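Let me begin by presenting the structure, written as structure tokens, before commenting on it.
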Amino acid sequence: MAKEYYFIFYSALAVILLIDAKLAGKGRWRERSLSLASSKGLLGFSAAGIMLHHMSQTIYFAGEDTGILLFMVDIGVCFVGIFFFFSGYGLYTSLREKPDYLKGFLFRRLTTVLVPFYVCNFTFIAGSCLWGYKLQKGELAPYAAGVVLMNSQMWYLVEIAILYVLFYLAFRFIKNRNAACAAFCISVLVMIGVSLLLGHDTTTPTQGLWFHGEWWYNATAMMPVGVLFARWEKQILSFVRRYYVMTLFVMVCLTAFFYNRTMYMLRHTGYWYEWEGYSGYKEKAQTLAVQFPFIFFTVMTVIVILQKLEFGNRILDFLGSIALELYLIHNLYILYLPIQNRVFYIIGVYAASIATAWLLHKADRKLIEMVLKIGRKEKL
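Quick note on numbering: the working numbering labels position 195 of the sequence shown as 195, and the sequence is numbered without any gaps.
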């Protein structure tokens, strides 16, 4: 049976991650361990992990035996947490190190978000229709505009765009950096609260309404965590390196504890504990109260490990370069790839998604450069 061979996907991911990994010697630390160059490959690995997570969910919700892939069914949120953390960390680090970083910030950052969003969105809509999806009356316009997501996995870019705006407003109009950090964190917490209160989307066939569903908020707070980490990076890393073994041990233990609590909550109540007349707010809040610490301590464990261990090779570099497009487009093949055998199905989704993401990335880079060039000319 297919499930007997699922171990190959864990093995493949482990090999990709560990090829050419370098361990810093005793008493030595990796400098700029969280820089863009260091994190890009990790984001590519995270995108590959999110793909396996979504495919495991597909198998699980189809009522099939997931075998050892059961672990991946609920673990994808940690990979998303890594994306959010490094987004926040990168924003504040650039703000700290680059003079006039906020000048033209929204135009630059939103261009890098909206171009891939619409390129991937149009690709997904076209691909779905070619594979037999029948658009109902009135569906095309909101799907094409992105106000309703035909591909619900594109929520990430919607949220990142909004978070960029919140970051800009906080740090553009509040001069005190600590106060700006506080304002940004509070605004994100408000956004998380609103999303939780909105519950799930039961009105569209794709669950595509903005901010409806726990995936819109369960890992979002890792972005302000990344900002705060960058704000006090020297102090945090000084402590971590001084008490490295103890810190790593505590992070691993807390990750294991909150993983256990999260799995219990997801299996016994969870975010979907709701029905007509009962919104399940208490259960959603209780689940988030254990799942977010699980995400937080997982990411912090990774950060601690990165102080000593460097991950990097050509495969990770390649995956990192197309990570965003890979994140956005793989659901097309999860939904429509006509392969029955689950092992070959997973291989096929990876192969088709990587090839498509590579092509989309080339198109995105050219379009982004074109838009930014036009913007620069208009300012002259």
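Even glycine gets a Cβ: it sits at the ideal position worked out from N, Cα and C.
The model shown is predicted, which means the values in this text are computed figures rather than measured ones.
If you look at Asp317, you'll find it in the alpha helix (DSSP H) that goes Arg314 to Ser321.
In this structure, Leu34 sits near Tyr89, with a CB-CB distance shorter than 8 Å. Separation of Gly213 and Ile374 (C-alpha to C-alpha, rounded to the nearest whole angstrom) is 37 Å. For the segment 158 to 202, the continuous alpha helix (DSSP H) assignments of 4+ residues that do not extend past its boundaries occur at 177 to 198, in sequence order. Arg267 and Val158 have their C-alpha atoms spaced approximately 29 Å apart. Between the segment 106 to 117 and the segment 311 to 328, the count of Cβ pairs shorter than 8 Å is three or higher; the stretches touch.
DSSP lists Lys22 as the bridge partner or partners of Glu310.
Looking at the DSSP output, Tyr278 bridges to Trp275.
Here Tyr271 is buried. Its C-beta has 16 or more other C-beta atoms within 10 Å.
Leu198 and Phe173 have their C-alpha atoms some 30 Å from each other. A distance below 8 Å between beta-carbons, with the five flanking residues on each side excluded, links Met263 to the following residues of its chain, in chain order: Asp74. DSSP, read as helix, strand or coil, puts Leu337 in coil.
In this model, Asn178 and Val225 are separated by some 13 Å (Cα to Cα). In the three-state reduction of the DSSP assignment, Leu135 falls in the coil class, being assigned neither a helical nor a strand state. With 16 or more neighbouring CB atoms inside 10 Å of its own CB, Thr255 falls in the buried class. By the CB criterion at 8 Å, Ser128 and Met150 fall inside the cutoff.
DSSP places Asn151 in no alpha helix (DSSP H); its state is neither H nor E.
The continuous stretches of alpha helix (DSSP H) do not include Ile75, and DSSP gives it neither H nor E.
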